[in-house]
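Numbering (UniProt numbering), first residue to last: 2 to 107.
We put the CB at the ideal spot given by N, CA and C, even for glycine.
Notes for the one structure printed next.
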Amino acid sequence: TFVVTDNCIKCKYTDCVAVCPVDAFFEGPNFLAIDPAICIDCALCVPECPAEAIFQDSELAPDQAPYLAINAELSQLWPNITEIKAAPEDADEWNGIPDKLPLLER
Ligand code: SF4
Ligand code: F3S
2 TFVVTDNCIK CKYTDCVAVC PVDAFFEGPN FLAIDPAICI DCALCVPECP
52 AEAIFQDSEL APDQAPYLAI NAELSQLWPN ITEIKAAPED ADEWNGIPDK
102 LPLLER
């Protein structure tokens, strides 16, 4: 499966959802999660993310490992998203800020 990681938090550009052929993205208040049971590992979403926040599970940096379980959990709780929407006004200011996990809203 592919995994949405830390840099999506408070950026949430949503470009990723438009290219997913199986609609695997689910939307929370300030983050998206991929359902690992739906993702077919096509990798189409990776280059679409302006925050470079999507990685294959096998290629996660060690400090991003918790996001595997976070995606699996939150994708079950949140509604599906299939169309691009406007990013938060301050998305660009948060792009690249490390360690945003404490800011993740559920
Ligand atoms: Fe969707 Fe492909 Fe990204 Fe998986 S890797 S979430 S199937 S676009
Ligand atoms: Fe997040 Fe990147 Fe998609 S910031 S919403 S994973 S385009």
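So residue i packs on residue j, CB below 8 angstroms; how close in whole Å?
i, j, result
"residue 11", "residue 101", "6 angstroms"
"residue 6", "residue 54", "5 angstroms"
Give the straight-line distance between the Cα atoms of residue i and residue j, rounded to the nearest whole angstrom.
i, j, result
"residue 23", "residue 68", "20 angstroms"
"residue 42", "residue 56", "10 angstroms"
"residue 50", "residue 93", "12 angstroms"
As a quick exercise: from the options, pick the residue whose alpha carbon is nearest that of residue i.
i, options, result
"residue 105", "88, 84, 75 and 97", "75"
"residue 83", "45, 17, 66 and 36", "17"
"residue 2", "98, 90, 62 and 73", "73"
"residue 80", "99, 31 and 58", "31"
"residue 35", "95, 77 and 89", "77"
"residue 52", "21, 29 and 88", "88"
Mapping the DSSP letters down to three states, classify residue i as helix, strand or coil.
i, result
"residue 31", "coil"
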